[in-house]
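Chemist: Using my numbering, you'd call the opening residue of the sequence shown number 7 and step up by one each time. From the three backbone atoms N, C-alpha and C, an ideal C-beta is built for every residue, glycine too. Below: one structure in structure tokens.
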Amino acid sequence: MIGIRSKRIASDTIIYLVLTVMVVIWLFPLIWMIMRAFDVNTSNKVSTIFPEHYTFANFKYLFGGDEMYPYGKWLVNTLIVATGSCIISTLFVLMVSYALSRLRFKARKKLMNISLILGLFPGFLSVIALYYIFKQVSFTIGGETIYLTNNLLGLILVYSIGAGTGFYIVKGFFDTVPMAIDEAARIDGATKNRIFWQMIIPLSKPIIIYTILTAFIGPWCDFILAKVFINDAEKYTVAIGIQQWLNAGDNDTIGRHFTHFCAGGTLIAVPIVILYLIMQKFYVAGITGGAAKG
Numbered sequence: 007m008i009g010i011r012s013k014r015i016a017s018d019t020i021i022y023l024v025l026t027v028m029v030v031i032w033l034f035p036l037i038w039m040i041m042r043a044f045d046v047n048t049s050n051k052v053s054t055i056f057p058e059h060y061t062f063a064n065f066k067y068l069f070g071g072d073e074m075y076p077y078g079k080w081l082v083n084t085l086i087v088a089t090g091s092c093i094i095s096t097l098f099v100l101m102v103s104y105a106l107s108r109l110r111f112k113a114r115k116k117l118m119n120i121s122l123i124l125g126l127f128p129g130f131l132s133v134i135a136l137y138y139i140f141k142q143v144s145f146t147i148g149g150e151t152i153y154l155t156n157n158l159l160g161l162i163l164v165y166s167i168g169a170g171t172g173f174y175i176v177k178g179f180f181d182t183v184p185m186a187i188d189e190a191a192r193i194d195g196a197t198k199n200r201i202f203w204q205m206i207i208p209l210s211k212p213i214i215i216y217t218i219l220t221a222f223i224g225p226w227c228d229f230i231l232a233k234v235f236i237n238d239a240e241k242y243t244v245a246i247g248i249q250q251w252l253n254a255g256d257n258d259t260i261g262r263h264f265t266h267f268c269a270g271g272t273l274i275a276v277p278i279v280i281l282y283l284i285m286q287k288f289y290v291a292g293i294t295g296g297a298a299k300g
């Protein structure tokens with residue numbers, strides 16, 4: 007009996023040690039970036055792990071420190087793109103998921119299989135094709151021709167255009183909602199549209215919050231697609247903007263702006279952390295509910 011208990015204690019100790027080491031490895035770069043955001047020394051080359059002196063000057067610089075790097079404008083652009091694509095993507099995913107969960111039509115299984123296969127490939131593989139397609143699309147407003155490239159609206163559409171293919175988790179959640187609700191509503195004369203908006207959606211708060219969070223985080227943090235479609239500094243998102251401090255063609259720029267980069271990266275992470283802390287309960291409920299087999 008003692009031998010079994012000793013083995014269990016030894017096994018648990020090893021597991022916790024390994025997990026502790028992994029947590030330290032994972033958290034150290036984040037903690038170091040946050041500390042450098044408050045560092046007086048702006049250089050990317052330091053002789054100590056922890057800053058010797060701390061300041062809020064790096065955060066003050068982000069909002070008005072240099073007209074060439076309008077962080078406040080980049081933050082607004084990021085918020086516009088993330089919010090716009092979040093709304094469109096969430097609506098797409100919810101409607102597609104409801105249709106595949108509740109409706110039965112001839113190509114249903116084939117569409118689901120095709121979407122599953124396409125989901126195995128990273129979205130950025132299509133970035134070149136999307137760029138040239140969007141480059142050919144334009145519309146005229148008040149005599150002015152507006153193209154979808156180098157445009158926040160075009161970037162919102164890029165993030166939203168394939169959102170409907172990510173329906174599997176939401177569909178799994180809708181599958182757990184009893185069909186008896188739909189049948190009772192149809193007996194009372196409700197249409198499918200009314201059932202979706204007035205009955206299914208109010209019952210699906212956890213999965214809606216999960217969908218909103220995932221749809222918001224992607225555009226908020228993305229660099230690759232934004233870099234390809236936006237080349238005007240006034241329309242940069244934060245990810246593109248702060249990257250200029252690390253890749254401006256000379257080491258002097260990195261030396262002067264490295265802590266500003268750390269401050270910008272820290273600040274952009276704050277809204278995501280707050281959202282997760284506030285909505286963690288619903289996020290977990292949504293993803294576990296959507297994992298049900300449908």
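Between which residues of its own chain and A221 is the CB-CB distance below 6 Å, once the five residues before and five after are set aside?
Modeler: For this step, residue 221 is matched to residue 215 along the sequence shown. C92, S95, T96, listed in sequence order.
Chemist: Is the segment 137 to 146 close to the segment 184 to 201, with three or more CB pairs under 8 Å?
Modeler: no
Chemist: From which residue to which residue does the beta strand (DSSP E) around I187 run?
Modeler: Here the question's residue 187 lines up with position 181 in the sequence shown. Run containing I187: none in the beta strand (DSSP E); it sits in the alpha helix (DSSP H), 185 to 193.
Chemist: Could you please give the first and the last residue of the uninterrupted beta strand (DSSP E) stretch that includes Y67?
Modeler: As a first step, residue 67 must be located in the sequence shown, where it is residue number 61. Looking at the DSSP string, Y67 is not in any beta strand (DSSP E); the run it does join, the alpha helix (DSSP H), is 63 to 68.
Chemist: Should K299 go down as buried or exposed, given a rule of 16 or more other Cβ atoms within 10 Å for buried?
Modeler: Counted from its first residue, the sequence shown places residue 299 at position 293. Note that K299 scores a pLDDT of 48, beneath 50, so its modelled location is shaky; the value from the coordinates is reported in the next line. It counts as exposed.
Chemist: Identify whether S144 lies in helix, strand or coil by the three-state DSSP scheme.
Modeler: Within the sequence shown, residue 144 is the residue found at index 138, counting from 1. DSSP places S144 in strand when its eight states are reduced to three.
Chemist: For T151, which of helix, strand or coil comes out of DSSP?
Modeler: In the sequence shown, the residue the question calls residue 151 occupies position 145. Here T151 sits in strand by DSSP.
Chemist: At the level of alpha carbons, what is the spacing between F62 and T19?
Modeler: Along the sequence shown, one-based indexing puts residue 62 at 56. Along the sequence shown, one-based indexing puts residue 19 at 13. Straight-line Cα distance between these residues: approximately 41 Å.
Chemist: Helix, strand or coil for R14 per DSSP?
Modeler: Position 8 of the sequence shown, counted from the start, is the residue given in the question as residue 14. In the three-state reduction of the DSSP assignment, R14 falls in the helix class.
Chemist: Taking the alpha carbon of N157 as the reference point, which residue from N83, V24, V102, R262 has its own alpha carbon closest?
Modeler: Mapped onto the sequence shown, residue 157 falls at position 151. Closest option to N157, Cα to Cα, is N83.
Chemist: Using the rule of at least 16 other Cβ atoms within 10 Å of the residue's Cβ for burial, across every protein chain shown, is F34 buried or exposed?
Modeler: Position 28 of the sequence shown, counting from 1, holds the residue named residue 34. Exposed: under 16 other Cβ atoms inside 10 Å.
Chemist: Could you check the C-alpha separation between V102 and F44 for me, to the nearest Å?
Modeler: Here residue 102 refers to the residue found at position 96 of the sequence shown. Here residue 44 refers to the residue found at position 38 of the sequence shown. Each residue's alpha carbon lies about 46 Å from the other.
Chemist: What does DSSP give as the partner residues of Y60 in its beta bridges?
Modeler: If you number the sequence shown from 1, residue 60 lands on position 54. DSSP lists D45 as partners of Y60.
Chemist: Using the rule of at least 16 other Cβ atoms within 10 Å of the residue's Cβ for burial, across every protein chain shown, is L131 buried or exposed?
Modeler: Working through the sequence shown from its first residue, we reach residue 131 at position 125. It is exposed - the Cβ of L131 has fewer than 16 other Cβ atoms within 10 Å.
Chemist: Figure out for me which residue from G247, P57, L252, G261 has the closest Cα to the Cα of E73.
Modeler: If you number the sequence shown from 1, residue 73 lands on position 67. Measuring from the Cα of E73, the nearest candidate turns out to be G247.
Chemist: Going by beta carbon distance, what residues of the same chain come within less than 8 Å of F56, once the five residues before and after it are set aside?
Modeler: As a position in the sequence shown, residue 56 is number 50, starting the count at 1. These residues qualify, in order along the chain: M41.
Chemist: Judging by CA-CA distance, which residue of I260, M285, G129 is the nearest neighbour of M211?
Modeler: By one-based count along the sequence shown, residue 211 stands at place 205. Inspection of the sequence shows that residue 211 is occupied by Lys rather than by Met. It is M285 whose Cα lies nearest to the Cα of K211.
Chemist: Going by the CB atoms, is the gap between I260 and N47 shorter than 7 Å?
Modeler: For this step, residue 47 is matched to residue 41 along the sequence shown. For this step, residue 260 is matched to residue 254 along the sequence shown. No, the Cβ-Cβ distance between N47 and I260 is not below 7 Å.
Chemist: Within its chain, find whatever has a CB closer than 7 Å to the CB of F69; leave out the 5 residues flanking it on each side and keep chain order.
Modeler: Translated into positions along the sequence shown, residue 69 becomes position 63. Cβ within range, chain order: Y77, G78.
Chemist: Using 8 Å for Cβ pairs, my map puts F235 next to Y174. What's the rounded Cβ distance?
Modeler: Position 229 of the sequence shown holds residue 235. Position 168 of the sequence shown holds residue 174. Not really, about 27 Å apart at Cβ, beyond 8 Å.
Chemist: Smallest Cα separation from H263: which of H59, F65, W32?
Modeler: Walking along the sequence shown from the start, residue 263 turns up at place 257. It is F65.
Chemist: What's the C-alpha gap between V176 and Y60?
Modeler: Taking the sequence shown and counting its residues from 1, one reaches residue 176 at position 170. Taking the sequence shown and counting its residues from 1, one reaches residue 60 at position 54. In this structure, the CA atom of V176 is about 46 Å from the CA atom of Y60.
Chemist: Could you tell me whether the segment 272 to 287 touches the segment 213 to 232, where touching means 3 or more Cβ pairs closer than 8 Å?
Modeler: yes
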